[in-house]
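Just below is one structure, and these are the notes that go with it.
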Amino acid sequence: MINKKKTRTFVIGIGGTTNTIVGRVMKSIMTYECGSCFCYVGLNEDKVAFKTSTICDIVIDGVCEMHKSMTRDAVESKIKNWLRHCPRYAFKNNEDGKNNGEDELRQDDSDYNC
1 MINKKKTRTF
11 VIGIGGTTNT
21 IVGRVMKSIM
31 TYECGSCFCY
41 VGLNEDKVAF
51 KTSTICDIVI
61 DGVCEMHKSM
71 TRDAVESKIK
81 NWLRHCPRYA
91 FKNNEDGKNN
101 GEDELRQDDS
111 DYNC
């Protein structure tokens, strides 16, 4: 179960410019490998819809609160783009021998079976 208030505060605390904040937030909540398991709307039968997840609204609300000039549509567009590129980045990180950005303390990815 996600604590919405704490997670929103976490998202707001990440910070960044209007161009970088969505990517920074997404990388902090999931790895590229996990992101590869999602598509935004859920039209791909092999992937989970990110739009209907609780964390999606938290990310959008947190980013919009940090940057009042960003609309929900703009944030959604950046999330879609980040998710679209996850498979490529996950492959590149695995090929380079990197740990794919996984944090040893983060265990919540198991909720999505990634």
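The letter at position 20 of the sequence shown is residue 20 when you use UniProt numbering, and the numbering goes up by one with no holes.
Glycine included, each C-beta is placed from N, C-alpha and C at the ideal position.
(1) Taking one C-beta from the region 20-32 and one from the region 54-62 each time, how about it: are there three or more such pairs within less than 8 Å?
(2) Quick one: what does DSSP say CYS39 is sitting in, helix, strand or coil?
(3) If I measure Cβ to Cβ from GLY42 and keep anything under 6 Å in the same chain, skipping five residues before and after, which residues do I get?
(4) To which residues does DSSP link residue 116 through a beta bridge?
(5) Check the DSSP bridge columns for VAL48 and list the partner residues they point to.
(6) Starting from THR54, trace the alpha helix (DSSP H) both ways and give me its first and last residue.
(7) THR20 lies in the alpha helix (DSSP H); which residues open and close that run?
(8) Using the beta-carbon count (16 or more within 10 Å), is THR17 buried or exposed?
(9) Could you give the first and the last residue of the continuous alpha helix (DSSP H) run that contains THR7?
(10) Just the C-alpha distance for ASN93 and MET70, rounded to the nearest angstrom, thanks.
So, from the data block:
(1) yes
(2) As a position in the sequence shown, residue 39 is number 39, starting the count at 1. CYS39 falls in the strand class under three-state DSSP.
(3) Looking up residue 42 in the sequence shown gives position 42. Correct list, in chain order: ALA49.
(4) Absent from the model: residue 116. The displayed extent of the chain is 1 to 114, so no value can be given.
(5) Looking up residue 48 in the sequence shown gives position 48. According to DSSP, VAL48 bridges with PHE38.
(6) The residue you call residue 54 lines up with position 54 of the sequence shown. Run containing THR54: 54-66, per the alpha helix (DSSP H) assignment.
(7) Here residue 20 corresponds to residue number 20 of the sequence shown, with the count starting at 1. Taken as a continuous stretch (DSSP letters only), THR20 belongs to no alpha helix (DSSP H), as it is neither H nor E.
(8) Residue 17 sits at position 17 when you count from the first residue of the sequence shown. Exposed.
(9) Translated into the one-based positions of the sequence shown, residue 7 becomes position 7. 4-14 is the span of the alpha helix (DSSP H), which, as asked, contains THR7.
(10) As a first step, residue 93 is located in the sequence shown; it is residue number 93 there, counting from the start. As a first step, residue 70 is located in the sequence shown; it is residue number 70 there, counting from the start. Looking at the two C-alpha atoms, the distance is approximately 30 Å.
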